[in-house]
Amino acid sequence: MGKMKDFFGRIGRYKYVVTIVIFLLIICFLDQNNLMLRWRHRVQRISLQKEIEYYEGVRDSSLQGLRQLEKDSVNMERIAREKYGMHLPDEEIFIIQ
192 MGKMKDFFGR IGRYKYVVTI VIFLLIICFL DQNNLMLRWR HRVQRISLQK
242 EIEYYEGVRD SSLQGLRQLE KDSVNMERIA REKYGMHLPD EEIFIIQ
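When we follow our numbering, the leftmost residue of the sequence shown carries the number 192, and every step to the right adds one.
Here it is in structure tokens:
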């Protein structure tokens, strides 16, 4: 029993330090919103933001291409023939690969 009393007596002298260390452990590792989890979420958010910017760029270039096709029917016909193999009813198409 004397050893336990000495142990708690020493801890009693440093009760504020022990309290702060326990508090920091809880905040950093044990809490539901701990610092490690917040860091991972921040990294994931940055990654997703870059992905959003990439897809917004793809969307903008696609919309620009669509607007060009709506304005120019010759260009639309060329793409329909080359990409999708479409043809007029009185035409024959030969695809050479």
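Even for Gly, the Cβ is constructed at its ideal location relative to N, Cα and C.
- The distance from the Cβ of I217 to that of V209 is about 13 Å, inconsistent with a contact at the 8 Å cut-off.
- Pairing Q223 with R272, the inter-Cα distance amounts to about 58 Å.
- With contacts defined by Cβ atoms closer than 7 Å, M267 and L257 do not form a contacting pair.
- The C-alpha of L239 is placed about 11 Å away from the C-alpha of Y246.
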